[in-house]
Amino acid sequence: MTRFFKGEDGAVTVDWVVLTALIVALAAAAFAGVEGGVASLTQSIADYLAGLLVG
Numbered sequence: 000m001t002r003f004f005k006g007e008d009g010a011v012t013v014d015w016v017v018l019t020a021l022i023v024a025l026a027a028a029a030f031a032g033v034e035g036g037v038a039s040l041t042q043s044i045a046d047y048l049a050g051l052l053v054g
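Numbered as in numbering that gives the first Met the number 0, the sequence shown ends at 54 without a single skipped number.
#1: May I ask which residues mark the beginning and end of the alpha helix (DSSP H) holding valine 53?
#2: Compute the Euclidean distance between the alpha carbons of glutamate 34 and alanine 27, then round it to the nearest angstrom.
#3: How long is the line joining the alpha carbons of valine 103 and phenylalanine 3, rounded to whole angstroms?
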């Protein structure tokens with residue numbers, strides 16, 4: 000890993016681009032997996048709050 004970080008060759012630049020792309024793809028996949036559950040939870044909370052009587 001140290002050699003990877005200290006490398007200054009052009010191939011290392013390609014490695015960083017690929018590594019960054021993989022990290023972004025992983026984050027996008029995680030967001031897509033959580034998005035549906037969050038939307039459902041948000042709707043449940045909104046329904047509960049709409050049913051409360053204030054005053």
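A virtual CB, placed ideally from N, CA and C, is assigned to each residue, including glycine.
Quick caveat: nothing in here was measured; it's all calculated off a predicted structure.
Short version:
#1: Locating residue 53 in the sequence shown gives position 54, counting from the first residue. It is not in any alpha helix (DSSP H) - valine 53 carries neither H nor E in the DSSP assignment.
#2: The count along the sequence shown starts at 1 and reaches residue 34 at position 35. The count along the sequence shown starts at 1 and reaches residue 27 at position 28. When rounded, the distance between both Cα atoms is 10 Å.
#3: One cannot answer for residue 103 here, as it falls past the ends of the chain, which runs 0 to 54.
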